[in-house]
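Asks: Residue numbering for the sequence shown is 1 to 88, as defined by full-length UniProt numbering.
Before I ask anything, here is the structure I am working with.
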Amino acid sequence: YDWDVGNEAITDDVSAQDPYRQSPMYKLCGDEFIVKAFQYAREADPKALLFYNDYNECDPVKSKRIFEMVKKLKQQGAPIDGLGFQSH
């Protein structure tokens, strides 16, 4: 039915110049790995809904960064169907 494909890519450090968490994949590929992950997920399960998931979206800086990232990824061809936010 659906997959969380991208998860917690945005840093919690609102003062950081680079909005992305410095994960090993990000350091290796930049944000292209997120686009590719969504494209591969769509190929693997064409009927599934694909989501980006994050937390602390109540912080206005992080919320804006999430929005800008998703907008950019969609412009680059990432088939993102929706957003998920943790609520625990």
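Every residue gets a Cβ at the ideal spot worked out from N, C-alpha and C, and that includes glycine.
1) Do Met25 and Phe38 have their CB atoms nearer than 7 Å?
2) Using CA atoms only, rank isn't needed, just tell me which of Lys36, Glu8, Trp3 is closest to Arg65.
3) Report the three-state DSSP secondary structure of Tyr26 (helix, strand or coil).
4) Apart from the five residues just before and just after Val14, which ones in its own chain have a Cβ nearer than 6 Å to its Cβ?
5) Do the CB positions of Lys72 and Ile80 come within less than 7 Å of each other?
6) Decide if Leu28 is buried, meaning its Cβ has at least 16 other Cβ atoms within 10 Å, or exposed.
7) Between which two residues does the beta strand (DSSP E) carrying Tyr40 extend?
8) In whole angstroms, what separates the C-alpha of Leu83 from that of Val70?
9) Does the distance from the CB of Phe67 to the CB of Asp4 come in under 7 Å?
Replies: Short version:
1) no
2) Glu8
3) Note: Tyr26 maps to helix in three-state DSSP.
4) Val61
5) no
6) exposed
7) Tyr40 -> not in any beta strand (DSSP E); alpha helix (DSSP H) instead, spanning 32-44.
8) 9 Å
9) no
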